[in-house]
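Each residue of the sequence shown is one higher than the one before, starting from 110 at the first, in this note's numbering. Let me begin by presenting the structure, written as structure tokens, before commenting on it.
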Amino acid sequence: MERTNTAADVEDCLLALAGEFGFTGVFGGILPTRPLPLNEISSRVLFQRYPAEWAARYNARGYIFLDPVVERLSSARNPFTWHESYETGTQKQNVELIRGEASEFGLRDGYVVPVSTIDGHIAALSFGGEGGIPDSADLSVLNFAASYVVGRHLHRLATRNPRPDLTPREWDCLLWAGEGKTDWEISVILGISRSTVIKHITSAREKLGAANRAHAIAMAIRKNLIR
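Printed below as a string of structure tokens:
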């Protein structure tokens with residue numbers, strides 16, 4: 110993994126390692142600390158090697174808000190299996206929905222490794238596959254691999270785009286955008302015009318090298334510019 114240069118390279122290495130335990134897919138991302146629109150959720154994805162049709166359905170239907178695995182991640186700091194999250198899920202109809210539909214794509218059980226990032230967020234890698242996980246399986250190697258690749262990948266993203274020199278007003282606009290405020294609401298809060306807000310956010314996005322507003326917010330969070 111030391112020589113991997115892209116997310117796809119990392120996914121290949123993770124799948125080669127996880128395949129020894131019967132896993133066929135891997136997904137990694139940063140857990141939102143507050144409810145976010147679906148278009149902003151995608152900017153927190155780090156790795157995605159689940160069946161494309163399942164990933165598309167999961168995103169389009171907002172299953173992240175129903176998934177018992179995500180529910181457990183909000184409090185769990187130790188690795189756990191999907192089966193364990195199904196057992197502890199508080200909304201049984203959601204458990205049956207996610208478990209049933211994931212199974213249609215050969216994802217019957219999995220293993221999740223939470224990883225605390227240096228800026229205080231929770232990331233996770235989730236390995237999934239067709240069969241159950243043997244009780245005798247020593248999955249500690251996946252724990253180490255998950256911590257290593259998440260930390261290394263986030264470090265690469267941060268160093269690839271050094272901390273930008275945002276103006277105080279750009280920082281303010283991005284901060285309020287990160288709180289879910291609209292351009293008009295930000296203009297009222299800061300006492301400036303809506304067009305000026307758009308100009309500042311666009312400038313901040315360009316300095317961050319972000320593809321869009323949601324990506325800029327996610328990058329600012331990763332660089333510890335906003336929380």
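Cβ coordinates follow ideal geometry from the N, Cα and C atoms, glycine included. All of these numbers come straight from a predicted model, not from anything done at the bench.
In three-state DSSP terms, what is residue i?
{"i": "Gln200", "result": "coil"}
{"i": "Pro146", "result": "coil"}
{"i": "Ile310", "result": "helix"}
{"i": "Ser337", "result": "Since the first residue shown for the chain is 110 and the last is 336, residue 337 is missing from the structure and cannot be characterised."}
{"i": "Pro177", "result": "helix"}
{"i": "Arg158", "result": "strand"}
{"i": "Ser184", "result": "coil"}
Can you tell me which of the options puts its alpha carbon nearest to the alpha carbon of residue i?
{"i": "Gly209", "options": "Val222, Val297, Tyr195", "result": "Tyr195"}
{"i": "Gln202", "options": "Leu175, Val179, Pro188, Tyr220", "result": "Leu175"}
{"i": "Gln365", "options": "Arg170, Arg181, Thr115", "result": "In this structure the chain extends from 110 to 336, so residue 365 is not present and cannot be described."}
{"i": "Pro188", "options": "Glu120, Ser249, Leu123", "result": "Ser249"}
{"i": "Glu120", "options": "Met328, Leu234, Val178, Ala320", "result": "Leu234"}
{"i": "Ala246", "options": "Ala117, Ser302, Cys122, Phe132", "result": "Phe132"}
{"i": "Ala254", "options": "Val224, His264, His230", "result": "Val224"}
{"i": "Arg153", "options": "Trp163, Ala319, Arg166, Gly138", "result": "Gly138"}
{"i": "Ile173", "options": "Leu284, Phe136, Arg186", "result": "Phe136"}
{"i": "Ala127", "options": "Phe236, Leu182, Glu213, Leu140", "result": "Phe236"}
{"i": "Thr199", "options": "Lys308, Ser212, Val178", "result": "Val178"}
{"i": "Trp163", "options": "Arg265, Ala211, Leu275", "result": "Ala211"}
{"i": "Ala161", "options": "Ser183, Glu213, Arg265, His324", "result": "Glu213"}
{"i": "Trp343", "options": "Ile298, Cys122, Asp274", "result": "The displayed coordinates of the chain run from 110 to 336. Any statement about residue 343 would go beyond what the structure contains."}
{"i": "Gly134", "options": "Cys122, Ile330, Pro141", "result": "Cys122"}
{"i": "Ile231", "options": "Ile326, Ala117, Leu155, Asn321", "result": "Leu155"}
{"i": "Ser256", "options": "Ala329, Arg186, Asp118", "result": "Arg186"}
{"i": "Gly171", "options": "Thr190, Ile301, Ile207", "result": "Ile207"}
{"i": "Lys290", "options": "Tyr167, Leu140, Asn252, Ile307", "result": "Ile307"}
{"i": "Thr190", "options": "Lys316, Gly229, Phe130", "result": "Phe130"}
{"i": "Ile99", "options": "Asn168, Gly229, Ser184, Ser312", "result": "The displayed coordinates of the chain run from 110 to 336. Any statement about residue 99 would go beyond what the structure contains."}
{"i": "Arg265", "options": "Ser304, Met328, Trp280", "result": "Met328"}
{"i": "His324", "options": "Ala125, Leu140, Ile150, Leu263", "result": "Ile150"}
{"i": "Ala313", "options": "Tyr167, Asp118, Thr276", "result": "Thr276"}
{"i": "Ala117", "options": "Val258, Trp293, Ala169", "result": "Val258"}
{"i": "His192", "options": "Ala320, Glu205, Asp281", "result": "Glu205"}
{"i": "Asp281", "options": "Arg261, His309, Ser184, His262", "result": "His309"}
Along the chain, where does the alpha helix (DSSP H) containing residue i start, and where does it finish?
{"i": "Ile301", "result": "Looking at the DSSP string, Ile301 is not in any alpha helix (DSSP H), and its letter there is neither H nor E."}
{"i": "Gly215", "result": "Gly215 -> no alpha helix (DSSP H), and no H or E assigned at all."}
{"i": "Ala320", "result": "Counting along the chain, Ala320 falls outside any alpha helix (DSSP H), and DSSP gives it neither H nor E."}
{"i": "Leu124", "result": "116-127"}
{"i": "Glu279", "result": "277-287"}
Counting along the chain, where does the beta strand (DSSP E) carrying residue i start and finish?
{"i": "Gly138", "result": "132-139"}
If we count Cβ pairs, one from each stretch, closer than 8 Å, do we get three or more for the segment 203-223 versus the segment 241-250? yes
Ignoring anything shorter than 3 residues, give me the beta strand (DSSP E) runs that lie fully in the segment 230-259, in order along the chain. 231-238
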